[in-house]
Amino acid sequence: MKDLLTNSELEKVSKVIRAVHHIFFGLGIAACAISCGCTPPPEFKPNLVEIKKAEMLKLEAGKQIPAAQLQDLQQFLADGFGTPDAAKFPKLTPDEKEEDGLVRQVNLQASAGAVLSNQEGKAQGLYREHCVHCHGISGDGAGPTAMFLNPYPRDFRLGKFKFKSTPLFTPPTHEDLYKVLYNGIPGTAMPAFKRLPKEELDSLVDYVKYLTVRGKSERDLLAILMEEYDEKLDLIATADEKKAAEAAAEKAEADGAEAPLAPIFTQEEAVAEVVGATVEKWLGAVDSVTVVPASPEWVANPSHPEHVAKVERGRELFRTVGSCAQCHGNTGLGDGQLNDFDDWTKDWMKDAGILPNESEKIRQMVALGALPPRNISPRNLRQGVFRGGNEVRDIYLRIKNGIEGTPMPAAAVTLSPDDIWCLVEFVRQMPYEQINRPTRLGNKNEKATQ
Amino acid sequence: MRFGNAILAGLLLSTFSASALFAEGWGDFKGKIVVKGTVPAPSPIDPDKDKQFCGKHKLVEESLVVGKDGGLQNCVVLLFRSRTVKQEPKVHPSYAEAAKKNPVLDNKGCRFEPHVMTMTTAQKLKVTNSDAVGHNANVQSLGNPNNPQIPPGGAVELDMKKSDNLPAAVVCGAHPWMKAVVLVRDEPYTAVTNANGEFEIKNLPDGEWIFAFWHERGGKTKQGGYLTALKAGDKDYLDKAGQVKITVKDGQVVDAGVLSIESKDLIP
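Read top to bottom, the protein sequences are chains U and V.
Take 1 as the starting number for the first sequence in this note's numbering and just add one per residue.
Take 451 as the starting number for the second sequence in this note's numbering and just add one per residue.
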């Protein structure tokens with residue numbers, strides 16, 4: 001007992017400790033202030049996985065793309081899209097007006113940069129405040145928390161999005177992305193941001209589009225570089241350099257000598273062709289929205305006299321023409337098929353020629369930033385959790401259009417709108433069937449015991 | 451899409467104009483590709499989905515199909531095309547009839563038939579399902595992606611309006627071993643080698659054309675790519691990039707003869 005300090009002694013010691021802490025804290029702050037910021041500003045990460053994949057697909061084993069070419073690519077992206085602190089969006093043509101463009105600069109400014117607010121009601125750095133920890137500074141879906149989430153956060157750079165009102169292989173509209181931010185994605189770690197004001201949500205949607213176009217342009221430029229690859233090839237050059245090189249090539253051809261390689265693009269050409277191709281698709285998305293027909297009276301109306309028959313028709317379609325049971329399982333538990341991957345995984349596995357059992361190659365890719373591959377399972381429809389939204393309109397769209405990035409295909413053309421509504425109602429009531437006696441659907445060609 | 455249609459319309463118009471027809475010359479390009487060395491027998495596929503139905507058919511891996519005398523089947527002979535190399539040949543009027551028919555890709559016995567095919571942007575791809583189980587056709591064409599479900603006994607016609615530089619895979623999501631290869635081009639000057647490894651492309655406009663040979667076991671990975679090691683006798687038939695420039699003259703046949711490739715040069 002003698003070893004313990006008395007109360008008054010304890011007080012004295014804690015005062016000293018606190019004082020020392022304050023001094024060092026103060027010194028630390030001062031040091032930070034003097035050195036103008038302890039941490040360097042964040043930078044966009046080059047898409048190392050895509051670079052490695054390009055090397056594996058096109059170059060001799062062990063060869064790498066020279067740093068100069070990769071530096072060219074990053075410089076182009078920096079010149080066109082800025083940095084995480086100073087975001088900008090390239091103009092496709094010199095006289096392009098902002099209202100005709102894909103994003104608004106004021107939205108990018110509000111989402112980019114460090115988190116701060118110097119005016120009541122106005123916040124900046126929205127992306128870093130709400131999104132970066134999962135989606136990453138480059139929108140690669142590999143932020144610090146990503147590894148611990150199932151499903152992984154979205155990698156924007158492929159330009160594929162699951163839950164939208166447009167058909168497969170068409171970008172989402174602004175409203176589609178807004179809705180995902182507003183409602184979140186139930187059953188995943190994506191929260192609902194409906195408490196944010198509309199301006200902030202619009203700002204974040206524009207920033208997502210910005211990261212998507214930037215990331216997709218990086219991939220597309222890399223693909224063009226690799227298409228007719230030469231390690232002396234210049235990806236981007238000034239207009240003068242390109243003209244001079246082309247003139248030299250013509251002269252060499254006339255002389256019968258070996259022509260020096262001309263750069264592929266000037267900055268303007270790369271923006272117009274590569275960035276422009278993606279932006280055109282995004283601007284056109286709103287013209288491709290799938291029109292969901294007005295739902296019949298019996299939809300979401302269990303007391304309607306036709307309801308039971310329609311649900312039974314949905315059950316029939318589920319296991320026959322709709323071919324849903326094939327993947328979702330005879331009882332809708334999602335146990336029909338278990339070993340496929342989503343497109344974001346297949347992009348660096350299957351498309352790079354890496355098999356699921358080649359663990360060394362997978363390890364290499366994970367070290368470069370890919371997330372450890374996980375199988376994608378068909379949805380367990382008995383849980384009543386619909387990631388894309390549980391309104392009847394949402395489920396209609398999932399069935400009609402399929403889900404981009406997943407093995408879920410678009411519904412057979414032979415299914416009429418009424419058929420799809422039957423499937424919607426059947427799917428919606430599945431969670432309410434008794435689970436201990438799940439209905440034996442039975443694929444027509446399988447034995448009931450399977 | 452509009453651009454491609456305009457090109458095709460322009461080409462067809464120009465071929466139908468009398469003066470163009472008589473002023474043009476047309477020739478053929480043909481050859482035969484064989485594989486030298488031992489070729490492993492195709493490995494069997496154990497279907498793990500819809501086993502009751504798909505297990506009835508003896509399915510094998512089809513990326514390397516070699517005939518009795520070494521003929522390499524399913525090699526796509528195509529005009530090399532990239533961002534910088536365009537090659538837009540005039541189309542001979544004999545192709546006009548074929549352009550009106552829609553080629554069929556059938557899901558039969560849990561495999562795609564044919565395994566490799568080519569088509570033009572003037573045609574629609576009719577995907578049919580002759581099986582009693584559902585399939586979907588995930589068309590991974592860069593210009594014409596699509597992924598419709600096709601119920602048993604059903605069919606769907608897909609617009610394929612954009613010309614692709616390279617052949618694309620078509621896979622079934624429900625039965626992942628199922629794979630087909632489709633090449634969509636504006637021009638009909640493509641061919642797929644038959645069971646004997648033979649190909650023939652008729653009525654190319656006279657002039658110089660750069661051809662390449664694509665195969666599922668070409669390139670550097672299992673994704674497929676250009677064959678680069680084709681030999682005519684002892685000499686390399688292709689340049690480093692896997693291309694050959696042929697000169698087509700009116701009324702003549704460019705006969706590449708028998709082109710051989712060592713089995714070790716194909717991706718295992």
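Where is the CB? At the ideal position from N, CA and C, for every residue including glycine.
Quick caveat, the model's predicted, so the values are computed rather than measured.
When we look at the beta-carbon of residue i and count the other beta-carbons within 10 Å, is it buried (16 or more) or exposed?
{"i": "residue 116(U)", "result": "exposed"}
{"i": "residue 136(U)", "result": "buried"}
{"i": "residue 86(U)", "result": "exposed"}
{"i": "residue 523(V)", "result": "buried"}
{"i": "residue 433(U)", "result": "exposed"}
{"i": "residue 534(V)", "result": "exposed"}
{"i": "residue 415(U)", "result": "buried"}
{"i": "residue 18(U)", "result": "exposed"}
{"i": "residue 678(V)", "result": "buried"}
{"i": "residue 128(U)", "result": "buried"}
{"i": "residue 452(U)", "result": "Outside the modelled stretch of chain U, which goes from 1 to 450, sits residue 452(U), for which no answer is possible."}
{"i": "residue 610(V)", "result": "buried"}
{"i": "residue 230(U)", "result": "exposed"}
{"i": "residue 591(V)", "result": "buried"}
{"i": "residue 119(U)", "result": "exposed"}
{"i": "residue 472(V)", "result": "Since pLDDT at residue 472(V) reaches only 44, below the 50 mark, its modelled position is unreliable, and the value read off the structure follows with that caveat. With fewer than 16 Cβ atoms within 10 Å of its Cβ, residue 472(V) is classed as exposed."}
{"i": "residue 473(U)", "result": "Since the first residue shown for chain U is 1 and the last is 450, residue 473(U) is missing from the structure and cannot be characterised."}
{"i": "residue 143(U)", "result": "buried"}
{"i": "residue 423(U)", "result": "buried"}
{"i": "residue 317(U)", "result": "buried"}
{"i": "residue 97(U)", "result": "exposed"}
{"i": "residue 357(U)", "result": "exposed"}
{"i": "residue 47(U)", "result": "buried"}
{"i": "residue 469(V)", "result": "Here residue 469(V) scores only 41 on pLDDT, less than 50, and its place in the model should not be relied on; the value that follows carries that caveat. Per the 10 Å Cβ criterion, exposed."}
How about residue i and residue j: do their beta carbons lie closer than 8 Å?
{"i": "residue 493(V)", "j": "residue 515(V)", "result": "no"}
{"i": "residue 222(U)", "j": "residue 50(U)", "result": "yes"}
{"i": "residue 111(U)", "j": "residue 204(U)", "result": "yes"}
{"i": "residue 234(U)", "j": "residue 72(U)", "result": "yes"}
{"i": "residue 54(U)", "j": "residue 226(U)", "result": "yes"}
{"i": "residue 474(V)", "j": "residue 638(V)", "result": "no"}
{"i": "residue 407(U)", "j": "residue 477(V)", "result": "no"}
{"i": "residue 245(U)", "j": "residue 263(U)", "result": "yes"}
{"i": "residue 620(V)", "j": "residue 653(V)", "result": "no"}
{"i": "residue 139(U)", "j": "residue 211(U)", "result": "yes"}
Measure the alpha-carbon distance for residue i versus residue j and round it to whole angstroms.
{"i": "residue 332(U)", "j": "residue 580(V)", "result": "25 Å"}
{"i": "residue 278(U)", "j": "residue 216(U)", "result": "8 Å"}
{"i": "residue 676(V)", "j": "residue 665(V)", "result": "6 Å"}
{"i": "residue 243(U)", "j": "residue 363(U)", "result": "44 Å"}
{"i": "residue 39(U)", "j": "residue 148(U)", "result": "25 Å"}
{"i": "residue 374(U)", "j": "residue 187(U)", "result": "17 Å"}
{"i": "residue 291(U)", "j": "residue 168(U)", "result": "14 Å"}
{"i": "residue 81(U)", "j": "residue 191(U)", "result": "28 Å"}
{"i": "residue 614(V)", "j": "residue 175(U)", "result": "32 Å"}
{"i": "residue 543(V)", "j": "residue 549(V)", "result": "10 Å"}
{"i": "residue 7(U)", "j": "residue 15(U)", "result": "12 Å"}
{"i": "residue 103(U)", "j": "residue 342(U)", "result": "28 Å"}
{"i": "residue 181(U)", "j": "residue 344(U)", "result": "20 Å"}
{"i": "residue 164(U)", "j": "residue 173(U)", "result": "7 Å"}
{"i": "residue 134(U)", "j": "residue 200(U)", "result": "18 Å"}
My understanding is that residue i touches residue j, with C-beta atoms under 8 Å, so please give their C-beta distance in whole angstroms.
{"i": "residue 602(V)", "j": "residue 583(V)", "result": "6 Å"}
{"i": "residue 571(V)", "j": "residue 636(V)", "result": "5 Å"}
Under 7 Å: does the beta carbon of residue i sit that close to some heavy atom of the ligand ATP?
{"i": "residue 227(U)", "result": "Ligands in the displayed structure: none, and consequently the ligand ATP is not present."}
Within 8 Å (strictly less), CB to CB, does residue i reach chain A?
{"i": "residue 169(U)", "result": "This model lacks chain A altogether; the protein chains it does include are U and V."}
Counting only Cβ-Cβ distances shorter than 9 Å, please list the residues of the stretch 404 to 436 of chain U near chain V, keeping chain order. 404, 406, 407, 408, 409, 410, 411, 412, 413, 414, 415
Could you run through the stretch 326 to 359 of chain U and flag, in chain order, every residue whose CB is less than 9 Å away from some CB of chain V? 326, 327, 336, 337, 339, 340, 350, 351, 352, 353, 354, 355
According to a CB-to-CB cut-off of less than 9 Å, which residues of the stretch 50 to 66 of chain U neighbour chain V? 56, 57, 58, 59, 60, 61
Short of 9 Å Cβ to Cβ, which residues in the stretch 213 to 230 of chain U face chain V? 224, 227, 228
If the cut-off is 9 Å on Cβ atoms, which residues from the stretch 516 to 544 of chain V count as contacting chain U, listed in chain order? 532, 533, 534, 535
Counting only Cβ-Cβ distances shorter than 8 Å, please list the residues of the stretch 279 to 295 of chain U near chain V, keeping chain order. none
Quick one: which residues of the stretch 310 to 324 of chain U get their C-beta closer than 8 Å to a C-beta of chain V? List them in chain order. 320, 321, 322, 323
Which residues of the stretch 663 to 688 of chain V have a Cβ closer than 9 Å to any Cβ of chain U? Give them in chain order. 669, 670, 671, 672, 673, 675
Could you list the residues in the stretch 620 to 643 of chain V with a C-beta less than 7 Å from some C-beta on chain U, going in chain order? 623, 624, 626
Of the residues that make up the stretch 183 to 216 of chain U, which ones have a beta carbon closer than 8 Å to any beta carbon in chain V? none
Near-chain U residues of the stretch 600 to 619 of chain V - C-beta to any C-beta below 7 Å: 600, 601, 604, 606
Using a Cβ-Cβ cut-off of less than 9 Å, give me the residues of the stretch 481 to 507 of chain V that come near chain U, in sequence order. 498, 499, 500, 501, 502, 503
Residues, ordered as in the chain, of the stretch 551 to 583 of chain V that lie near chain U by beta-carbon distance below 7 Å: 582, 583
Using a beta-carbon distance cut-off of less than 7 Å, what residues from the stretch 108 to 123 of chain U approach chain V? none
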